[in-house]
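Novice:
2 protein chains.
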Amino acid sequence: MRGYPEPVERLLAALERLPGIGRRTAGRLAFHLLKAPPEEARELSAAVAAVVETVGCCGTCWHLTDVQPCAICSRHDRQRGCVLVVEQPRDLLGIEGTGLHDGVYHVLMGRIDPLGGVGPSDLTIGALVERVTDPSCNAGGVAVAEVILGLSPTLEGDATALHLAEVLRPTGVRVTRLARGLSAGSSLEHATAAVLADALHGRASVAE
Amino acid sequence: MRGYPEPVERLLAALERLPGIGRRTAGRLAFHLLKAPPEEARELSAAVAAVVETVGCCGTCWHLTDVQPCAICSRHDRQRGCVLVVEQPRDLLGIEGTGLHDGVYHVLMGRIDPLGGVGPSDLTIGALVERVTDPSCNAGGVAVAEVILGLSPTLEGDATALHLAEVLRPTGVRVTRLARGLSAGSSLEHATAAVLADALHGRASVAE
Numbered sequence: 000m001r002g003y004p005e006p007v008e009r010l011l012a013a014l015e016r017l018p019g020i021g022r023r024t025a026g027r028l029a030f031h032l033l034k035a036p037p038e039e040a041r042e043l044s045a046a047v048a049a050v051v052e053t054v055g056c057c058g059t060c061w062h063l064t065d066v067q068p069c070a071i072c073s074r075h076d077r078q079r080g081c082v083l084v085v086e087q088p089r090d091l092l093g094i095e096g097t098g099l100h101d102g103v104y105h106v107l108m109g110r111i112d113p114l115g116g117v118g119p120s121d122l123t124i125g126a127l128v129e130r131v132t133d134p135s136c137n138a139g140g141v142a143v144a145e146v147i148l149g150l151s152p153t154l155e156g157d158a159t160a161l162h163l164a165e166v167l168r169p170t171g172v173r174v175t176r177l178a179r180g181l182s183a184g185s186s187l188e189h190a191t192a193a194v195l196a197d198a199l200h201g202r203a204s205v206a207e
Numbered sequence: 000m001r002g003y004p005e006p007v008e009r010l011l012a013a014l015e016r017l018p019g020i021g022r023r024t025a026g027r028l029a030f031h032l033l034k035a036p037p038e039e040a041r042e043l044s045a046a047v048a049a050v051v052e053t054v055g056c057c058g059t060c061w062h063l064t065d066v067q068p069c070a071i072c073s074r075h076d077r078q079r080g081c082v083l084v085v086e087q088p089r090d091l092l093g094i095e096g097t098g099l100h101d102g103v104y105h106v107l108m109g110r111i112d113p114l115g116g117v118g119p120s121d122l123t124i125g126a127l128v129e130r131v132t133d134p135s136c137n138a139g140g141v142a143v144a145e146v147i148l149g150l151s152p153t154l155e156g157d158a159t160a161l162h163l164a165e166v167l168r169p170t171g172v173r174v175t176r177l178a179r180g181l182s183a184g185s186s187l188e189h190a191t192a193a194v195l196a197d198a199l200h201g202r203a204s205v206a207e
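So the protein lines, in turn, are chains P and E. The opening residue of the first sequence carries number 0 in numbering that gives the first Met the number 0; numbering runs sequentially from there. The opening residue of the second sequence carries number 0 in numbering that gives the first Met the number 0; numbering runs sequentially from there.
#1: Quick one: residues in its chain with C-beta nearer than 7 Å to the C-beta of GLY180(E), no 5 flanking neighbours on either side, listed in chain order?
#2: May I ask you to verify whether the segment 129-142 of chain P touches the segment 60-76 of chain E, counting CB pairs closer than 8 Å and requiring at least 3?
#3: Given a cut-off of 9 Å, decide if VAL103(E) and THR170(E) are closer than it, judged by their beta-carbon atoms.
#4: Kindly give me the distance between the Cβ atoms of VAL54(E) and LEU33(P), rounded to whole angstroms, as I take these residues to be in contact under 8 Å.
#5: Measure the Cβ-Cβ separation of VAL174(P) and LEU148(P) and say whether it is below 9 Å.
#6: Out of LEU83(E), GLY98(E), ARG22(E), point me to the one whose CA is closest to VAL143(E)'s CA.
#7: When you compare only the Cα positions, how much space is there between GLY2(E) and PRO88(E)?
#8: Measuring straight from C-alpha to C-alpha, what distance separates GLY58(E) and CYS72(E)?
#9: Tell me whether ARG89(P) sits in a helix, a strand or coil according to DSSP, three-state version.
#10: Taking all protein chains shown into account, do 16 or more other C-beta atoms lie within 10 angstroms of the C-beta of GLU165(P), making it buried, or fewer, making it exposed?
#11: Out of MET108(P), ALA178(P), ARG22(P), state which residue places its alpha-carbon closest to the alpha-carbon of ASP90(P).
#12: Closer than 7 Å, Cβ to any Cβ of chain A: which residues of the segment 58-73 of chain E, in chain order?
#13: Can you find a CB in chain P that lies within less than 9 Å of the CB of LEU10(E)?
#14: Which residues, in order along the segment 33-58 of chain E, keep a beta-carbon less than 7 Å from a beta-carbon of chain P?
#15: Alpha carbon to alpha carbon, how far is ARG41(P) from ALA29(P)? Give it in angstroms, no decimals.
#16: In its own chain, which residues sit with a C-beta less than 6 Å from the C-beta of LEU14(E), not counting the 5 before and 5 after it?
#17: For the alpha helix (DSSP H) containing LEU107(E), list its first residue and its last residue.
#18: Assuming HIS31(P) and LEU10(E) form a contact by the criterion Cβ under 8 Å, report the distance between their Cβ atoms to the nearest whole angstrom.
#19: For the beta strand (DSSP E) that contains LEU148(P), what are its first and last residues?
#20: For ASP133(E), which option in SER151(E), ASP121(E), GLY96(E), GLY80(E) has the closest C-alpha, if you only look at C-alpha atoms?
#21: With a threshold of 9 Å between beta-carbons, can MET0(P) be considered close to chain E, or not?
#22: Using 8 Å for Cβ pairs, my map puts LEU167(E) next to ALA160(E). What's the rounded Cβ distance?
#23: Going by other Cβ atoms of all chains shown within 10 Å of its Cβ, with 16 needed for buried, is GLU86(P) buried or exposed?
#24: Provide the residue span of the beta strand (DSSP E) that contains VAL174(E), from first to last.
#25: Measuring only the C-alpha atoms, how far is PRO113(E) from ASP101(E)?
#26: Going along chain P in order, which residues have a C-beta closer than 9 Å to the C-beta of TYR104(E)?
#27: Determine the burial state of PRO6(P): buried for a count of at least 16 other Cβ atoms within 10 Å of its Cβ, exposed for fewer.
#28: With 9 Å set as the bound, which would you pick, yes or no: does the beta-carbon of VAL84(P) sit closer than that to a beta-carbon of chain E?
#29: Evaluate ALA70(P) with the Cβ neighbour count: other Cβ atoms within 10 Å of its Cβ, from every protein chain shown; 16 or more gives buried, anything less gives exposed.
#30: Name the one or two DSSP bridge partners that THR64(E) has.
#31: Whose Cβ in chain E lies nearer than 8 Å to the Cβ of ARG27(P)?
#32: Which residues in chain E sit within 7 Å of ARG89(P), going by Cβ to Cβ distance?
#33: How would you write the range of the alpha helix (DSSP H) that HIS162(P) sits in, first residue to last?
#34: I'd like to confirm something about ARG173(E): is its beta-carbon nearer than 8 Å to some heavy atom of the ligand NAD, or not?
#35: How would you list, in chain order, the residues of chain P whose beta-carbon sits under 8 Å from the beta-carbon of PRO119(E)?
#36: Which of helix, strand or coil does DSSP assign to ALA193(E)?
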């Protein structure tokens with residue numbers, strides 16, 4: 000059911016290339032842009048063009064940035080010897096939002112997912128090992144003392160964490176991972192067996 | 000949880016203005032554009048810019064077009080005295096897809112929806128009445144002999160059809176509407192009471 004004017008078909012094709020956007024959604028977006036004030040479409044067009052021209056990855060931590068090194072790696076008040084490894088920039092922002100990590104980050108740009116065709120070499124694991132073994136590759140030239148694995152507690156996240164622990168072992172760096180157990184605010188009643196297993200394994204002494 | 004480089008935030012804001020796109024989806028789209036080959040983002044940017052600069056509405060039927068009048072209104076082999084009224088360009092394409100309408104169209108650009116703040120004056124109803132009363136306003140200067148109401152069989156569609164029938168009555172033009180009843184391929188078992196009522200009211204003699 001094609002048949003729109005060529006510029007509309009071209010826009011639909013470009014929108015359909017985006018993840019999760021089919022022909023129907025592309026149509027809704029295109030019509031919105033045609034109905035809305037032209038400034039809105041012009042701003043979207045300019046923003047899309049600008050982001051690919053100006054934004055890249057930090058050469059040290061692979062976070063999105065428009066300066067090198069990124070705003071976090073270049074801060075002198077961060078513990079640059081403590082590197083928290085996350086899968087994606089969004090996870091980094093979530094942790095930054097807590098204000099509880101005063102170290103730096105390393106963004107893997109994904110996780111090992113054999114079914115999805117993502118192997119270790121598709122991630123920034125090599126760069127992480129380099130940072131750990133050669134301080135000159137780390138932010139501010141500081142030697143890395145601890146690597147915190149901040150991967151999602153999923154099958155792929157766990158596999159990635161396991162792989163990272165293995166490739167980092169020869170470096171002798173301290174490798175830790177985020178705690179697992181009951182989510183704050185959740186109810187024990189609805190916790191799955193896997194969550195309860197984590198909670199039991201990781202049980203801690205109650206301070207008296 | 001803001002904190003991306005400014006060009007990324009700007010792109011997220013532009014994407015979030017689109018219908019049905021929240022912060023999370025905007026993030027997924029933005030990261031896709033950052034990861035994909037830059038040509039993909041450049042093409043999207045150019046397509047969005049081009050569509051608002053080159054595509055507008057046909058001055059006669061309000062269908063999307065990059066020429067005036069549109070490709071359908073300018074065809075001499077269409078019955079330009081028979082105008083099928085639809086809510087939106089997408090509906091027009093659906094009917095064109097059947098190849099069964101050899102007349103022209105009139106796109107209302109929505110439907111009367113008091114709760115959504117859409118009144119008759121927000122639609123192209125005035126232009127439709129003009130087409131019907133003044134042949135020089137219609138495609139090819141042909142007098143309109145029939146207006147087919149092709150609105151969706153919903154509350155808002157029915158209200159819009161009722162309003163159109165009323166404003167067209169003084170013109171004396173023949174006004175018809177698309178048939179209602181059981182959808183081809185559906186099962187009677189799952190038909191709602193409203194569908195069954197339409198099917199009973201509109202029952203037709205079986206040719207013997």
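All C-beta atoms, glycine included, are put in the ideal place defined by N, C-alpha and C. In this text, all values refer to a predicted model and were calculated from it rather than measured experimentally.
Specialist: A quick look at the data gives this:
#1: So the qualifying residues of the chain are ASP197, ALA198, GLY201.
#2: Taking 8 Å as the limit for Cβ pairs, the verdict is that the segment 60-76 of chain E does not touch the segment 129-142 of chain P.
#3: It is not a contact, given that the beta carbons lie outside the stated cut-off.
#4: Confirmed, about 6 Å.
#5: A Cβ-Cβ contact shorter than 9 Å links VAL174(P) with LEU148(P).
#6: It is LEU83(E) whose Cα lies nearest to the Cα of VAL143(E).
#7: In a straight line, the C-alpha of GLY2(E) is about 40 Å away from that of PRO88(E).
#8: Cα to Cα, GLY58(E) sits roughly 10 Å from CYS72(E).
#9: In the structure shown, ARG89(P) sits in a helix (DSSP, three-state: H, G or I).
#10: Per the 10 Å Cβ criterion, exposed.
#11: Measuring from the Cα of ASP90(P), the nearest candidate turns out to be MET108(P).
#12: You won't find chain A in this structure, because its protein chains are P and E.
#13: Closer than 9 Å to some Cβ of chain P, the Cβ of LEU10(E) qualifies, so yes.
#14: Those would be LEU33, PRO37, GLU39, ALA40, ARG41, GLU42, LEU43, SER44, ALA46, VAL47, ALA48, ALA49, VAL50, VAL51, THR53, VAL54, in chain order.
#15: Inter-residue distance for ALA29(P) and ARG41(P) is about 13 Å (C-alpha atoms, whole angstroms).
#16: Spatial neighbours of LEU14(E) in its own chain (CB-CB distance under 6 Å, excluding positions within 5 residues in sequence) are listed in chain order as ILE20, ALA25, LEU28.
#17: Here LEU107(E) belongs to no alpha helix (DSSP H), and DSSP marks it neither H nor E.
#18: LEU10(E) and HIS31(P) do not touch by the CB rule: their CB atoms are close to 17 Å apart, not below 8 Å.
#19: Per DSSP, the continuous beta strand (DSSP E) segment holding LEU148(P) begins and ends at 145-148.
#20: When the alpha-carbon of ASP133(E) is set against those of SER151(E), ASP121(E), GLY96(E), GLY80(E), the nearest one is in GLY80(E).
#21: For MET0(P), the pLDDT reaches just 40, beneath the cut-off of 50, and the residue's location in the model is therefore unreliable, leaving the point undetermined.
#22: About 10 Å separates the two Cβ atoms, so there is no contact after all.
#23: Buried, because 16 or more other Cβ atoms sit within 10 Å of the Cβ of GLU86(P).
#24: Segment 173-176, the beta strand (DSSP E) holding VAL174(E).
#25: Distance from the CA atom of PRO113(E) to the CA atom of ASP101(E), rounded to whole angstroms, is 33 Å.
#26: Near TYR104(E) there are no residues of chain P at all, since even the closest Cβ is about 12 Å away, more than 9 Å.
#27: Buried.
#28: No, no contact with chain E.
#29: Under the 10 Å beta carbon count, ALA70(P) is surrounded by fewer than 16 other beta carbons and is classified as exposed.
#30: Under DSSP, the beta-bridge partners assigned to THR64(E) are GLY55(E).
#31: Simply PRO18, GLY19.
#32: Correct list: GLY26.
#33: Here the alpha helix (DSSP H) through HIS162(P) covers 154-167.
#34: Among the components modelled here there is no ligand, and therefore nothing to report on the ligand NAD.
#35: Going along chain P, no residue has its Cβ under 8 Å from PRO119(E), so there is no contact; the nearest lies around 18 Å.
#36: Residue state, collapsed to three classes: helix.
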